[in-house]
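*Asks:* The structure that follows is given in the form of structure tokens.
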Amino acid sequence: MVPPQKVSKGRKRRRRAHHALTAPNLVPCPQCQAARRPHTVCERCGYAGRKLSIPVKTEEK
239 MVPPQKVSKG RKRRRRAHHA LTAPNLVPCP QCQAARRPHT VCERCGYAGR
289 KLSIPVKTEE K
């Protein structure tokens, strides 16, 4: 099956104008001040808000 008409550059670019990615919104963790996404558990300290959700293993050197 063949497309009925050629799609012009302008029509194609107008359609793709909404396909841009947005940067993730980051907030500082209240415990360790690391950047994290809102409403999620901090990967560095394991806190979600003011509660410890996941105990994080510390690496021993």
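Following my numbering, the numbering of the sequence shown begins with 239 at its first residue and continues without gaps.
For each residue, glycine too, the CB sits at the ideal point set by N, CA and C.
Lys289 by DSSP, collapsed to three states: which one?
*Replies:* strand
*Asks:* Suppose you measure from the CA of Gly287 to the CA of Lys295; what does that come to, to the nearest Å?
*Replies:* Roughly 19 Å between the two C-alpha positions.
*Asks:* Confirm, please, whether the CB-CB distance from Leu264 to Arg274 is below 8 Å.
*Replies:* Inclusion of Arg274 and Leu264 in the CB contact set at 8 Å is warranted, their separation being smaller than that value.
*Asks:* Please report how far the alpha carbon of Ala261 lies from the alpha carbon of Ser246, in whole angstroms.
*Replies:* 30 Å
*Asks:* Going by DSSP, what residues sit across from Pro266 in a beta bridge?
*Replies:* Ala273
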